[in-house]
Amino acid sequence: MIAPDRFHPTMKALAVAQAMARGLQPVFPHDELLMYPWSSGGAGTTDLAVRYGKGRVRHERLVLPTGRPRDVKWAWLPDGTVIFDAKDALGAPDGPNPLRHTYHDSYPLGAMIRSLLRYQPRQMVIALGDVLTADGGHGLLQAFGVQPLDDKGDALAKGIRPLLHLEEVRFDDMDPPAIPIVALTDEMVSWNDRVKREDFRLDLIYGGLLDASHRFGDLLAEHIAMPLRGLPGTGVGGGLGIALAFLGSQFRPGAEYLAELASMTEIMWQVDWVMTGGAMLSEGGLNGAVGMMARMARDAGVPAVALTLEMRTGYAALYGAGLSGIYSVLDRPRSLKEAQRSLPSLIEKAAWRIGMWMQAMSDPS
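Each residue of the sequence shown is one higher than the one before, counting from 2 in my numbering.
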């Protein structure tokens, strides 16, 4: 089984799987190579849900407050689920340096949720990976009648700066979605734990933004008598997790959801080896595609190996999850730019090398 995550930002998961297959095919010319490109809950999750869940791709046209339309891809699955990637709904990032990949306004995500409700789905699934909003999620909630106010009692405008003047939140006109919402993520971390990490940098945009986000989260928590900032999953998306938790959303690993759609537990018992991988492996990947594949392979008694471009702090935890080997795709010292440029070839050659080892281990004679 070939079941890698993408090598972001260079290669999508399917391209990675195809490169691995090209490397393994000469070594195992008479064996079946099962390709299952994977995702940890980021961009591309909807496409994989269609692939494994036999869904149908559709498009929804949103008309945003700016008056500009936006076409957003989504999918309808046979069980009545609608699914879309948050990144598609939010569009191109508009955040300033030093966080160029952030979004000023989460309202389009709320608008997309509301728009899809008219199809009366059984549940809604949102892939939250690859997005970071800096408005605390208040734009999303405004789409459902939640009204943040400033110290003068005026409604906050959408975006980042207005959040700095938040005084209270009114819920008189709140109209939450009446169906289950499942938010997919690669890390079940709470907001409180997320902001303690060194790589959390939202406050670099505007001073006081973190305190304002905390206040907004606390006002929401007070309304529903639930400690939102401490719930697993609320640390995703720079405030999106808190906003979605307020609406009653459940959080689960994206890789786990896809495994369920693909009936991966049953398939795993039919394979002899698993090759997975991702651009960067660390302890944080335990809930991602590589970590999930490792656990499923271990439970089925199947050896699993992973290819990667970079091993970061805590990557050895993936051995404990079930991996038998973690291997770099690099054949010599290279700059990151050079490695990314040659990545398809590097993955193919690394897969061939590991395939030769697999063959020797399978047939010691």
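Glycine included, every Cβ here is placed at the ideal spot set by N, Cα and C.
>> I'd like to know if the stretch 160 to 175 and the stretch 274 to 284 are in contact, where contact means that at least 3 CB-CB pairs between them fall below 8 Å.
In response: no
>> Taking the alpha helix (DSSP H) that Lys88 belongs to, which residues open and close that run?
In response: 87 to 91
>> Quick check on the burial criterion: 16 or more other C-beta atoms within 10 angstroms. Buried or exposed for Val58?
In response: exposed
> If you draw a straight line from the C-alpha of Pro254 to the C-alpha of Gly289, how long is it?
Replying inline: 7 Å
> According to DSSP, is Val170 helix, strand or coil?
Replying inline: strand
> Anyone know if the C-beta pair for His102 and Gly160 falls short of 7 Å?
Replying inline: no
>> Runs of 4 residues minimum, wholly inside the stretch 208 to 249: which ones carry the alpha helix (DSSP H) assignment?
In response: 210 to 225, 241 to 247
>> Is it buried or exposed, Arg195, if we count other Cβ atoms within 10 angstroms and call 16 or more buried?
In response: buried
> By Cβ distance below 6 Å, which residues in the same chain neighbour Gly218 in space, the five residues on each side in sequence not counted?
Replying inline: Leu229, Arg230, Ile243
>> Suppose you measure from the CA of Leu157 to the CA of Asp151; what does that come to, to the nearest Å?
In response: 6 Å
> What is the rounded straight-line gap between the Cα of Pro27 and the Cα of Gly326?
Replying inline: 21 Å
>> Can you tell me whether Gln143 is helix, strand or coil according to DSSP?
In response: helix
> In three-state DSSP terms, what is Gln121?
Replying inline: coil
>> Quick check on Asp176: buried or exposed, where buried means 16 or more other Cβ atoms within 10 Å of its Cβ?
In response: exposed
> If you count every other CB in all the chains shown that lies within 10 Å of the CB of Pro5, and 16 or more means buried, which is it?
Replying inline: buried
> Ile127 to Lys74, Cα distance in whole Å?
Replying inline: 12 Å
>> On the criterion of 16 or more Cβ atoms from any shown chain inside 10 Å, does Pro70 qualify as buried, or is it exposed?
In response: exposed
> Three or more beta-carbon pairs under 8 Å between the stretch 290 to 307 and the stretch 232 to 251, yes or no?
Replying inline: no
> So what's Ala317 in DSSP terms, helix, strand or just coil?
Replying inline: coil
>> Is it buried or exposed, Gly154, if we count other Cβ atoms within 10 angstroms and call 16 or more buried?
In response: exposed
>> In the DSSP assignment, the alpha helix (DSSP H) including Ile348 goes from what residue to what residue?
In response: 344 to 363
> Which residues in the same chain as Asp204 place their Cβ atom closer than 6 Å to its Cβ, once the five residues preceding and following it in sequence are excluded?
Replying inline: Leu210, Leu211
> Pick from Pro94, Tyr258, Ser250: whose alpha carbon is nearest that of His179?
Replying inline: First, the residue type needs correcting, since residue 179 is Ala and not His in the sequence shown. Closest by alpha carbon: Ser250.
> For Leu324, does the count of other Cβ atoms within 10 angstroms reach 16, so buried, or fall short, so exposed?
Replying inline: buried
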